[in-house]
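Colleague: Submitted below is the structure of interest, expressed as structure tokens.
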Amino acid sequence: MEFSIKSGSPEKQRSACVVVGVFESRKLTLPAELLDKASGGYISDIIRRGDMEGKAGTTLLLHSLPSTLCDRVLLVGLGKEKEFREKEFAGAIRTSVKVLNETGAFDASIFLTELQVRKRSVGWRIRQATLAALDATYKFEQFKSKKEEIRRPLRKLTLSVERRNELGMAEEALAQGLAIAEGTALAKTLGNLPPNVCHPTYLAEQAKVMAEQFKLGCEILDRNEMEELGMHSLLSVARGSHQPPKLIVLSYKGARASENPVVLVGKGVTFDTGGISLKPGADMDEMKYDMCGAASVLGTMQAVARMALPVNLTVVVPATENMPGGNASRPGDIVTSMSGQTIEILNTDAEGRLILCDALTYAERFDPDTVIDVATLTGACVVALGNVATGLFANKDSLARELQDAGEDANDRAWHMPLWDDYQELLKSPFADMANIGGRWGGAISAACFLSRFTKKFEWAHLDIAGTAWKSGSDKGATGRPVPLLTHYLMQRAGKLN
Ligand code: BES
Ligand code: MN
Ligand code: ZN
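In terms of this note's numbering, the sequence shown opens at residue 893 and continues consecutively.
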């Protein structure tokens, strides 16, 4: 779909469809009022007859309004004006795009972007509208022999702004929105790919392709190189698999060479059976999403490179399968991590932390300003926060604050969880420096505590995305989260958020 920005009045648009909003109950927004006036009260007549109340999620398609230049007008219900906020705004855009795809219109002019959304800027509205529109039209059907065909798909979407002097800012926000949407779509697709296709070697190949396209530094470490570095914790997870593990490193330099990079570390378990501590069979297919941390840091890298943000960014992805097998790690095994700390593996299903700890130690060599890891780490985090918020942990409160704010801004929220020392004792082991599990209670926190033992040398945050990276149910699929949060954080740092 092609996007553009325009400022002008709705009745003068030569367009296949003009989209305007109606608040509950029956209150026309300003662009709807302009169309109504131009057409001699056509819309208010219809509304008076009771065909449109303005409830959120409802729409009404009108044809050939008198004295207007467009073929159609789509009225979109916005709900109560007082309750119209960020979520409702995105919802209205989503609804519009879905309905437009079902009408005959090839192009449309959306006037919803002129609406006030609390104190949000024009830039915010354009960015979010672009993201919501592309999110609503994302499809993953490369494995369907018959693709679902849209008869006359929407090809061109024009987002309108109220004033001409907002055009420049809106154009910039549109470019940002497109970049973030592209990164989000990449993360969704990598997540949705089946685990027989998307294995560690595949992820490494994708990283190489991205490096070529955007002129990024790229290094792929294989098993031998990891062995030499002493990454025995990471390698202990890969033992049961026939797929070779990879450590993927991408680096982007958008700022001065002297500026220390932000390092993003993404959990890349391309399939998690649990290993010898085998998971139950129900819904095990969903463990193909256990590389969504990796997918999201790769998606973020792509968005950042596309925007050419003035930041230095390095992405590290430990990629492996977690399989049972004659050579797999056993509960009770003790391994030495790259940091030198020893770990008693009490449960081979707590594998995420075992690969992340070595990747985090590896991150030290980049002399990072900040390190953020992203992982589908614990079922306990899903119990705590459901599918709404990502679990956020940090060894510095100001970093947690910045990430939480970025999530608010991006409509991709995270919630700050405690990382108090009191929880560290859960990881005590009689035989090694620590155990890899902390027992039943506070599981998301003890997992974060485990990681904190490998991040003492830098400012660090951990995002547990087990509940937010994918949706279950009938329209199951990867969400692409937290690409919007991470890109907003980096844009904020770069001073590029308007
Ligand atoms: N990949 C899972 C976490 C997960 C579980 C994500 C369910 C999404 C939904 C992780 O590797 C895992 O298995 N964690 C265990 C840890 C436990 C053994 C301490 C868990 O959460 O059950
Ligand atoms: Mn697991
Ligand atoms: Zn896992």
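Think of the CB as a built atom: it goes at the ideal place given N, C-alpha and C, for glycine as much as any other residue.
For Tyr1315, does the three-state DSSP call read helix, strand or coil?
Modeller: Residue state for Tyr1315 is assigned as helix, using DSSP reduced to three classes.
Colleague: Where do the ends of the beta strand (DSSP E) carrying Asp1177 lie?
Modeller: Taken as a continuous stretch (DSSP letters only), Asp1177 belongs to no beta strand (DSSP E), as it is neither H nor E.
Colleague: If I'm right that Gly1335 touches Ala1286 with Cβ under 8 Å, what's the distance once you round it to whole angstroms?
Modeller: With a contact defined as Cβ atoms closer than 8 Å, Gly1335 and Ala1286 miss out at about 18 Å.
Colleague: Could you check if Gly1244 belongs to the surroundings of ligand 3, using beta carbon to heavy atom distance under 6 Å?
Modeller: yes
Colleague: On the three-pair Cβ rule with 8 Å, is the segment 1243-1260 touching the segment 1146-1166?
Modeller: yes
Colleague: Among Leu1156, Asp1175 and Ser1169, whose alpha-carbon lies nearest the alpha-carbon of Ala1187?
Modeller: Comparing Cα positions, the closest option is Leu1156.
Colleague: For the beta strand (DSSP E) containing His955, name the first residue and the last one.
Modeller: Thr951 to His955
Colleague: Are Leu1142 and Ala1079 closer than 7 Å when you measure CB to CB?
Modeller: no
Colleague: In chain order, what residues of the same chain lie with their CB nearer than 6 Å to the CB of Ala1147, ignoring the 5 residues before and after it?
Modeller: Pro1202, Val1203 and Asn1204
Colleague: Less than 8 Å between C-beta atoms, sequence neighbours within five positions excluded: which residues of the same chain meet that for Lys919?
Modeller: Cβ neighbours of Lys919 beyond the five flanking positions: Gly946 and Glu973.
Colleague: Does the Cβ-Cβ distance between His1308 and Gln1316 come in under 7 Å?
Modeller: no
Colleague: Pick out whichever of Gln1020, Leu992, Asn1239 and Arg977 has its Cα sitting closest to the Cα of Arg1332.
Modeller: Asn1239
Colleague: If you draw a straight line from the C-alpha of Ser901 to the C-alpha of Leu926, how long is it?
Modeller: Here the C-alpha atom of Ser901 lies approximately 8 Å from the C-alpha atom of Leu926.
Colleague: Which complete alpha helix (DSSP H) runs does the segment 1158-1243 hold, if anything under 4 residues is left out?
Modeller: 1184-1199
Colleague: Only counting the same chain, and skipping five residues up and downstream in sequence, which positions put a Cβ closer than 7 Å to that of Glu1243?
Modeller: Val1129, Val1161, Asp1164, Gly1167 and Asn1214
Colleague: Is it true that the CB of Ala1220 sits closer than 7 Å to the CB of Pro1092?
Modeller: no
Colleague: What is the DSSP secondary structure of Thr1282, reduced to helix, strand or coil?
Modeller: strand
Colleague: How many Å lie between Thr1360 and Pro1216 at the Cα?
Modeller: Distance from the CA of Thr1360 to the CA of Pro1216, rounded to the nearest whole angstrom, comes to 27 Å.
Colleague: Within 6 Å: the Cβ of Asp1241 and any heavy atom of ligand 1?
Modeller: yes
Colleague: What span of residues does the beta strand (DSSP E) with Thr1360 cover, start to end?
Modeller: Thr1360 -> no beta strand (DSSP E), and no H or E assigned at all.
Colleague: Thinking C-beta only, is Gly1083 closer than 7 Å to Cys1184?
Modeller: yes
Colleague: Output the distance between the C-alpha atoms of Pro958 and Ile938, rounded to the nearest integer angstrom.
Modeller: 13 Å
Colleague: Can you pull the DSSP bridge partners for Tyr1144?
Modeller: Leu1205
Colleague: In chain order, which alpha helix (DSSP H) runs of at least 4 residues are fully inside the segment 964-1027?
Modeller: 978-994
Colleague: How would you label Leu961, buried or exposed, when you count the other beta carbons within 10 angstroms and need 16 or more for buried?
Modeller: exposed
Colleague: List the whole-angstrom C-beta distance separating Glu1119 from Leu1127, where the pair is believed to meet the contact cut-off of C-beta under 8 Å.
Modeller: 7 Å
Colleague: Quick one: grab the DSSP three-state call for Ile1112.
Modeller: strand
Colleague: Just reading off the alpha helix (DSSP H) that Ala1292 is part of, what are its end residues?
Modeller: Asp1289 to Ala1302
Colleague: From Cys909 to Asp963, what distance separates their C-alpha atoms?
Modeller: 6 Å
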